[in-house]
Amino acid sequence: AQSVTQLDSHVSVSEGTPVLLRCNYSSSYSPSLFWYVQHPNKGLQLLLKYTSAATLVKGINGFEAEFKKSETSFHLTKPSAHMSDAAEYFCVVINSGGSNYKLTFGKGTLLTVNP
Amino acid sequence: EPEVTQTPSHQVTQMGQEVILRCVPISNHLYFYWYRQILGQKVEFLVSFYNNEISEKSEIFDDQFSVERPDGSNFTLKIRSTKLEDSAMYFCASSQTTEAFFGQGTRLTVV
């Protein structure tokens, strides 16, 4: 089975500084990986996805992630944090096969942005 | 833009009662899912549904739970004889293939 590990439960940054949210995956073959964001009292929104095309993936709101097979990592970055980025972020892997595309979530990283 | 809609947004129920959580997936999607998130914990897979039957279910999804697609649009999760530990946010999702679209969730509180 595939899994993801989010290395930080909480990351705090100042507005305007870079964001790095770390994620490592475990998979016996090339995975499909996603980052979802959850704002307070809101649903889960897809930020970006990697599905074996370009290793550097650009998403919404200026976020991007790089798939590094040698490091089994899929870290999420943004050059400059905005107050509206404060939310919980989930790294997710697909366990596909058969008749479904089940998602396995990491434990989440809470991003706090300080003024 | 098409979206997954869930009702109600909040549900409070007494322990032992039955609840039905409702979802309207995106119309041309083929795969349907329920996930739950207990407060402070990670999002957990409950069940997937394809071609009018359950395709996979987790250990959490025991006989207390059931899913239905009663018509062409709705996808429901029924929880019988609710327990305190069923209190959670329940998310419905649908997909054509790899990209899942989530609803806003139903916050279930069992008292």
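Protein sequence lines correspond, in order, to chains A and B.
Under the numbering used here, the letters of the first sequence match residues 38 to 152, in that order.
Under the numbering used here, the letters of the second sequence match residues 3 to 113, in that order.
By construction, the Cβ of each residue, glycine as well, lies at the ideal position given by its N, Cα and C atoms.
Treat the numbers as computed from the prediction; the structure is a model and nothing was measured.
Could you check what DSSP says for glutamate 125(A) in three-state terms: helix, strand or coil?
-> By one-based count along the first sequence, residue 125(A) stands at place 88. For glutamate 125(A), the secondary structure class from DSSP, reduced to helix, strand or coil, is strand.
DSSP three-state call for valine 97(A): helix, strand or coil?
-> Locating residue 97(A) in the first sequence gives position 60, where the first residue counts as 1. It should be noted that the sequence gives isoleucine, not valine, for residue 97(A). In the structure shown, isoleucine 97(A) sits in a helix (DSSP, three-state: H, G or I).
Which residues in chain B sit within 8 Å of isoleucine 131(A), going by Cβ to Cβ distance?
-> For this step, residue 131(A) is matched to residue 94 along the first sequence. Ordered by position in chain B, the residues that pass the 8 Å Cβ test against isoleucine 131(A) are Thr100.
Using the rule of at least 16 other Cβ atoms within 10 Å of the residue's Cβ for burial, across every protein chain shown, is serine 97(B) buried or exposed?
-> Looking up residue 97(B) in the second sequence gives position 95. When all chains shown are included, serine 97(B) counts as buried.
Any chance you could list the beta strand (DSSP E) runs of at least 3 consecutive residues sitting entirely within the segment 21 to 109 of chain B, in chain order?
-> List check, beta strand (DSSP E) in window: 21 to 26, 33 to 39, 45 to 52, 55 to 59, 67 to 70, 77 to 81, 90 to 97, 102 to 104.
Cα-Cα, which of Phe93(B), Arg109(B), Val113(B) is closest to glutamate 5(B)?
-> For the purposes of this step, residue 5(B) is taken as the residue at position 3 of the second sequence. Minimum Cα-Cα distance from glutamate 5(B) among the listed residues Phe93(B), Arg109(B), Val113(B) corresponds to Phe93(B).
Based on Cα-Cα distance, which residue from Gln16(B), Val21(B), Thr99(B) lies nearest to leucine 86(B)?
-> Numbered from its first residue, the second sequence carries residue 86(B) at position 84. Nearest option by C-alpha distance: Gln16(B).
List, in order along the chain, the chain B residues whose C-beta lies closer than 7 Å to that of leucine 83(A)?
-> Looking up residue 83(A) in the first sequence gives position 46. Glu101, listed in chain order.
Quick one, which residues of the segment 92 to 119 of chain A are near chain B if we go by CB-CB under 8 Å, in chain order?
-> Residues of the segment 92 to 119 of chain A that bring their beta carbon within less than 8 Å of a beta carbon in chain B are absent altogether.
Compare the Cα-Cα distances from serine 51(A) to each of Val74(A), Val94(A), Ala123(A) and report the closest residue.
-> For this step, residue 51(A) is matched to residue 14 along the first sequence. Of the listed residues, the one whose Cα sits closest to serine 51(A) is Ala123(A).
Does the separation of the CB atoms of threonine 84(B) and glutamine 19(B) fall below 7 Å?
-> Looking up residue 84(B) in the second sequence gives position 82. Looking up residue 19(B) in the second sequence gives position 17. By the CB criterion at 7 Å, threonine 84(B) and glutamine 19(B) fall inside the cutoff.
Please decide whether glutamate 58(B) counts as near chain A, where near means a Cβ-Cβ distance under 7 Å.
-> Position 56 of the second sequence holds residue 58(B). For glutamate 58(B), the answer is yes, since a Cβ of chain A falls inside 7 Å of its Cβ.
For chain B, find out if any of its Cβ atoms is closer than 7 Å to the Cβ of tyrosine 138(A); answer yes or no.
-> Taking the first sequence and counting its residues from 1, the one referred to as residue 138(A) is at position 101. Chain B, which has a Cβ nearer than 7 Å to the Cβ of tyrosine 138(A), makes this yes.
What do you reckon, are the CB atoms on valine 45(B) and tyrosine 35(B) nearer than 7 Å?
-> Sequence index remark: in the second sequence, residue 45(B) carries index 43 (1-based). Sequence index remark: in the second sequence, residue 35(B) carries index 33 (1-based). No.
Chain A within 7 Å of serine 83(B), Cβ atoms only = Residue 83(B) sits at position 81 when you count from the first residue of the second sequence. Taking Cβ atoms only, chain A never reaches closer than 7 Å to serine 83(B), which makes this a no.
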